[in-house]
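Peer 1: Sending over a structure as structure tokens; questions will come in a sec.
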Amino acid sequence: MMTRRNFLAGAATVAMAALAGCTSDAPEPETDAPAPEEQEAAPETPATADEPATDELTADAPASGATLVAYFSATGNTAGVAQAIAERLGADTFELVPTDPYTDDDLDYNVAKAGVNPCAGCVACGYGARPCVQHDGMERVLDAVLAADMLVLATPLYYYGMTAQLKTVIDRFCSANSDISARHLKAALLTVAWNADDWTFDALVSHYETLCRYLSMSDCGKVLGYGCGTPGMTRHTDAPRQAFELGASL
């Protein structure tokens, strides 16, 4: 049976897909095929262990259109992005909704709750020559980073810098400096702030660019959300469009 975690991983992939179609002005060819009600119904295909039965999900069927944005959103964040993309494209949306709601434990993938301790500054790791002496949630984070081809740092602006949680994770990169640098990762920065002054993100951008240089990462772009103090404010800024266009460029 498919677990909630497996569905979350699969649905997250679906959330990134846009299904495109096209119409034609050419007349439809004549056919001797019987009317739809006269055709034999196709036999049902039973669900497999890796494929949930159709009654496990409920969704509002989309209206007709040339483009469909299919998405799953556990906490609502993806829904906002999907709806913004759909509005921009003039597309229909199709939301996948689990009949068995996710619990907090199912969704515990936030680094703020990952049990990552601050760097002790002991340098027992030799700046990447040896594993960190701390055995905590950072091991899971590093496994994900070292399996990736691109690292996107997403953070709200806290006192003109990244959040303490994200900074804690980056400080712990120390024990994997060599391995991270050797991957020559692509990188991007996504950030939002209530402020709209032109200097709002100067310190954070400088820090991010320094990290890219130090860890041999290639900057692929930045989305700087000025005046994004609330979700409602963000929807009325250029940040969603910038994020969409950055993703499309990759």
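Under mature numbering (1 follows the signal peptide of the UniProt record, and there is no 0), the letters of the sequence shown match residues -20 to -1, 1 to 230, in that order. All C-beta atoms, glycine included, are put in the ideal place defined by N, C-alpha and C.
Is the beta carbon of Ala156 closer than 7 Å to that of Gly108?
Peer 2: Cβ distance < 7 Å, so Gly108 and Ala156 count as in contact.
Peer 1: Just to confirm, is the Cβ distance from Ala219 to Gly205 under 7 Å?
Peer 2: Yes; because the gap between Cβ atoms is below 7 Å, this pair is in contact.
Peer 1: Should Glu75 go down as buried or exposed, given a rule of 16 or more other Cβ atoms within 10 Å for buried?
Peer 2: Label assigned to Glu75: buried.
Peer 1: Nearest CA to the CA of Cys154: which residue from Tyr82, Thr210, Cys102 and Met213?
Peer 2: The shortest C-alpha separation from Cys154 is found at Cys102.
Peer 1: Taking the alpha-carbon of Val77 as reference, which of Thr83, Ala64, Gly60 and Tyr51 has the nearest alpha-carbon?
Peer 2: Val77 has its Cα closest to that of Tyr51, out of Thr83, Ala64, Gly60 and Tyr51.
Peer 1: Check whether the region 195 to 212 touches the region 159 to 176, taking contact to mean three or more Cβ pairs, one atom from each stretch, closer than 8 Å.
Peer 2: As far as the Cβ criterion goes, the region 195 to 212 touches the region 159 to 176, which means the pair count is three or higher.
Peer 1: Met130: buried (16+ other C-beta within 10 angstroms of its C-beta) or exposed?
Peer 2: Classification for Met130: exposed.
Peer 1: Based on Cα-Cα distance, which residue from Ile150, Glu119 and Tyr140 lies nearest to Leu133?
Peer 2: Nearest option by C-alpha distance: Ile150.
Peer 1: Can you name, in chain order, every residue of its own chain whose Cβ lies under 6 Å from the Cβ of Asp199, other than the five neighbours on each side?
Peer 2: The residues are Ala167 and Cys192.
Peer 1: Put Ala162 into one of helix, strand or coil per three-state DSSP.
Peer 2: Looking at Ala162 - three-state DSSP - the assignment turns out to be helix.
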